[in-house]
Amino acid sequence: MIPGIYARSFMEGRLTEEQMLNFRSEVAGEGLSSYPHPWLMPDYWQFPTVSMGLGPLMAIYQARFMKYLENRGLIEKQDRKVWAFLGDGEMDEPESLGAIHLAAREGLDNLIFVVNCNLQRLDGPVRGNSKIVQELEGNFRGSGWDVIKLLWGRGWDELLEQDTSGKLRQLMDETIDGDYQTFKSKDGAYIRKHFFGKYPETAELVKDWTDDQIWALRRGGHDPKKVYNAFLRATKAKGQPTVLLVKTVKGYGMGTAGEGQNTTHQQKKMQLDQLKAMRDRFKIPVTDEELEKDIPFVTLNNAQKAYMAERRKELGGAFPKRETESPKLEIPPLETFKKELQSSGEREFSTTMAFVRILTTLLRDKKIGKNVVPIVPDESRTFGMEGLFRSVGIYNPKGQLYTPEDREQMSYYKESADGQVLQEGINEAGAMADWIAAATAYSNHGVPMIPFYIYYSMFGFQRIGDLAWAAGDSRARGFMLGGTAGRTTLNGEGLQHEDGHSHILASTIPNCITYDPTFSYEVAVIVQNGMKRMYQDQEDVFFYLTLMNENYHHPEMPMGAEEGILKGLYRMSKVAKPGKKHVNLMGSGTILVQALQAAEMLKEDFGVTSDIWSATSFNELARDYQDCERHNRLNPFAEERVPYITQTLTNVSGPIIVATDYMKNYAEQVRGAVKQRFTVLGTDGFEPL
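Numbering (my numbering), first residue to last: -18 to 670.
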C-alpha cells in the first residue's frame, strides 16, 4: 500500500525520481521510508502505523480526541474523518479490535475503518478453513458499527441475477477463504472446474463463458465504481463508526509473479515476461524496448497533470501531509509554582502530591488551563486527583445521565460533555492512545494540548512500550508520569507492581526525556522547563517523570540548582570541612531521602563526612556523555568536549556511592565519565533484599 501512495504523490509532482529511487534508503533527506514514519518524513506522514495493530487503536482515539476538542469548544465542529486502512491479518492483533466498543459507545461517526480482506497474511491464509469477512462482520456489527461489505465486482451481478436456483449464492457462502485464495492463484479453467463445477446449476451459468471471462470476474475491491459508492456511503454515516470490509486479491495484477500466492509478500522482483503481462493488463504506456532497457517512470501529459491537480484541490489539497508548525503557548514562569519551590516546613507530602498541586495550578491558568489534558486509567483516587472530578469534570460525550451515589460530596464523580479529564478505566493501552492523540494535536488540529498521563509506573513502558515508541515517532509532545514508582515503594503488592526498570526502558526512546525527582522544587523545575521546550521552543520531545507515594519533608530549592536539575545532577548539600574519611552520596527519588539519613548515620557512627548529590536523570547524563564521546571520535582535531557529569565532579574528592530505586544499569551508564571510585547500588532481581 505504501508504494502505491508514494506512486500517487510522484504522479502529482510531490516526490522526485531521486526520492523514488531511494525508497527504503533514507539518505540525507532524499529517500522514502518503507512505512509511515513522521520522524523520518515530518512533512508527509501524519501517523506511524507500525507495529501492526497500533493503527486501528490509535485511529479510534484520534477520532475520539477530535470529538473531545469539538465538545470542549477548542476546534469547530466539522465533517472531518479519520480513515484507517487495515489488513485482515492485522485484525488478529489484540489492539486492532480491543477498543472498537468505545468507538460505538461514543458514537464516533467521524471514524472509518477500511479492512483490506485479501484473505492472506504473511505466510498463508488468514482464515483458510473459514471466512474472515463474516467473522469481522460479526465483531463489528455486534459492537455497534455500521458494516459495509464490498465483496464482488460488477461482473458477478449478471450471474447473481440469473441465479434463480440460489445455488450460486449457496456456493459463494459455503466456499471458504483458503479455496478463494487458491482460485485466484490459478486461472479461469481451474475456477470453472473447481468452483462453478461443484453444482450443475452453477456450471450452467457459465457454460457460454470463456475461461478468460471467468478469470476476469473481480473482487469488489478491484471495481472502481463499487469502491467509490462504498466509500461515499461510509462518509454519510451518522451516530456510529463505519467499517468497510473490502474483498481483494493480494498481488492483484502480478499474475504468475505472485497473484494470490503465499509467497507474494516476499516477492521483490518480476521477470520481464511478467512485467509485460502486467503492463498489458493495466494498459500502461511503456514499450517493450523501454522495459528491456531500463524500466522508466511513467510521465503524464499536461491534461492529465491538470486533471490530477484539480482533483487533489477539490479533495482538500496534498495528502498525506503533516503540519509542522503550530501556535506557541505562553508558558507561566517558574515563580508561578513558588509553593513548590519553598520549604514544606513541618509538613510532609509525596512528589505525587507535589505534581497534583502543579497540575491544579496549570488547570487554573487563564492562558493555558484549557489546553491541559489530565489522563488517568482509573487511578485518580490513588494519586489524590479526585478533586479534579468536580472542578473540571470527566469527559463523556453523553454527559451524565445518572445520579452518582456521591453526588452530595465535594469531589463527586462528575461526568460532562465538556469535561477535561480523560478517565479511561482500567485500560493503559487506550489511555496511552488518548495521550498520543492529545500530544499530536498541535500538528493534527493546530491546537497545542498539554497532556499529563499518570499511571502506575510498572504499567507504563513495560506494558505499552510499543505505543511509547510510536509516540516518539509521532513527534508527540506531553508528559507521562509513572506514579508509585520504584522497586521499594509498594512492598506487599507483588512483583507485577514493583517498577525497577521504567527509566531503562524509557531511555531506548531517543526523544523521551526522563527524570526521577525527589523534591517538589525539582518537579516544578522539570515540568515548567518541559512546557517551555515543547510549547514555546517547539521541540519534538516528550517527558517522563517518576513520582512516589512516600511522604517526607521538602527543602527549599538551593540557589543555582535549576541547571543541574535539568541536566541531571547537582550537589544539594556540601559539608563545610570534609573529614579525613569523606564520601559522596548520590541518589534520586525516595532513595535520595535515604541517602540524607545515611549521611547522618555515617557521621555519627563512623566519623565519615558526606556531600549529597541529587541525580535527577542518569539518562540525560548518559546521553550527554555519549554525545560528547561521539563528537570527540568524529572530530579528533577539534577541541574535546567534556561531559557535564565529568565537569561537575572534576574537583570532587572521595569515592562516589550511588543508590536508586532502579536496576544498577540505570546509573552504570555514566561510569565511563566518572573518574572517581564509583559504586552503584540498585534493586536488581525480582524483589528487593
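Backbone N, C-alpha and C fix where the C-beta goes; we use that ideal spot for every residue, glycine too.
Test item: CB-CB of residue i and residue j under 7 Å
| i | j | result |
| --- | --- | --- |
| residue 231 | residue 245 | yes |
| residue 595 | residue 549 | no |
| residue 224 | residue 94 | yes |
| residue 365 | residue 420 | no |
| residue 539 | residue 590 | no |
| residue 576 | residue 650 | no |
| residue 168 | residue 190 | no |
| residue 52 | residue 399 | yes |
| residue 639 | residue 529 | no |
| residue 122 | residue 128 | yes |
| residue 234 | residue 260 | no |
| residue 442 | residue 486 | yes |
| residue 438 | residue 466 | yes |
| residue 434 | residue 307 | no |
| residue 134 | residue 193 | no |
| residue 592 | residue 565 | yes |
Cα-Cα separation between residue i and residue j, rounded to whole angstroms
| i | j | result |
| --- | --- | --- |
| residue 686 | residue 209 | With the chain covering only -18 through 670, there is no way to say anything about residue 686. |
| residue 200 | residue 136 | 9 Å |
| residue 256 | residue 247 | 17 Å |
| residue 468 | residue 358 | 21 Å |
| residue 73 | residue 37 | 12 Å |
| residue -2 | residue 277 | 10 Å |
| residue 253 | residue 273 | 7 Å |
| residue 610 | residue 510 | 26 Å |
| residue 385 | residue 432 | 27 Å |
| residue 283 | residue -10 | 16 Å |
| residue 179 | residue 110 | 18 Å |
| residue 393 | residue 645 | 43 Å |
| residue 238 | residue 29 | 30 Å |
| residue 120 | residue 242 | 27 Å |
| residue 86 | residue 139 | 40 Å |
| residue 316 | residue 15 | 47 Å |
| residue 551 | residue -6 | 53 Å |
Min CB distance residue i to chain B below 7 Å
| i | result |
| --- | --- |
| residue 185 | Included in the structure is just one protein chain, with no chain B present. |
Where the beta strand (DSSP E) containing residue i begins and where it ends
| i | result |
| --- | --- |
| residue 590 | 590 to 595 |
| residue 99 | Here residue 99 belongs to no beta strand (DSSP E), and DSSP marks it neither H nor E. |
| residue 432 | 431 to 437 |
| residue 355 | 353 to 357 |
| residue 228 | 223 to 228 |
| residue 640 | 637 to 640 |
| residue 65 | 63 to 68 |
Counted within 10 angstroms of its Cβ, other Cβ atoms place residue i as buried (16 or more) or exposed
| i | result |
| --- | --- |
| residue 35 | buried |
| residue 310 | buried |
| residue 11 | exposed |
| residue 484 | buried |
| residue 618 | exposed |
| residue 47 | buried |
| residue 173 | buried |
| residue 628 | exposed |
| residue 77 | buried |
| residue 383 | exposed |
| residue 369 | buried |
| residue 265 | exposed |
| residue 620 | exposed |
| residue 652 | exposed |
Cβ-Cβ separation, residue j to residue i (assumed contact under 8 Å), whole Å
| i | j | result |
| --- | --- | --- |
| residue 100 | residue 162 | 5 Å |
| residue 675 | residue 354 | Since the first and last residues shown for the chain are -18 and 670, residue 675 lies out of range. |
| residue 455 | residue 321 | Contact doesn't hold; Cβ gap of about 30 Å is too wide. |
| residue 64 | residue 301 | At roughly 10 Å, the Cβ-Cβ gap does not stay under 8 Å, so residue 64 and residue 301 are not in contact. |
| residue 654 | residue 637 | Contact flag wrong, Cβ pair sits at about 12 Å. |
| residue 41 | residue 117 | Between residue 117 and residue 41 the Cβ distance is about 15 Å, and since that is not below 8 Å, they are no contact. |
| residue 643 | residue 482 | 6 Å |
| residue 227 | residue 131 | 5 Å |
| residue 380 | residue 397 | 6 Å |
| residue 499 | residue 556 | About 19 Å separates the two Cβ atoms, so there is no contact after all. |
| residue 534 | residue 325 | 6 Å |
| residue 371 | residue 351 | So it is not a contact: roughly 17 Å between Cβ atoms. |
| residue 641 | residue 480 | About 12 Å separates the two Cβ atoms, so there is no contact after all. |
Segment limits, alpha helix (DSSP H) that includes residue i
| i | result |
| --- | --- |
| residue -8 | -17 to -8 |
| residue 82 | 81 to 86 |
| residue 483 | 483 to 487 |
| residue 571 | 570 to 587 |
| residue -3 | Per DSSP, residue -3 belongs to no alpha helix (DSSP H) and is neither H nor E. |
Any non-hydrogen atom of the ligand HEM closer than 6 Å to residue i Cβ
| i | result |
| --- | --- |
| residue 143 | The ligand HEM is absent from the structure shown, which contains no ligand whatsoever. |
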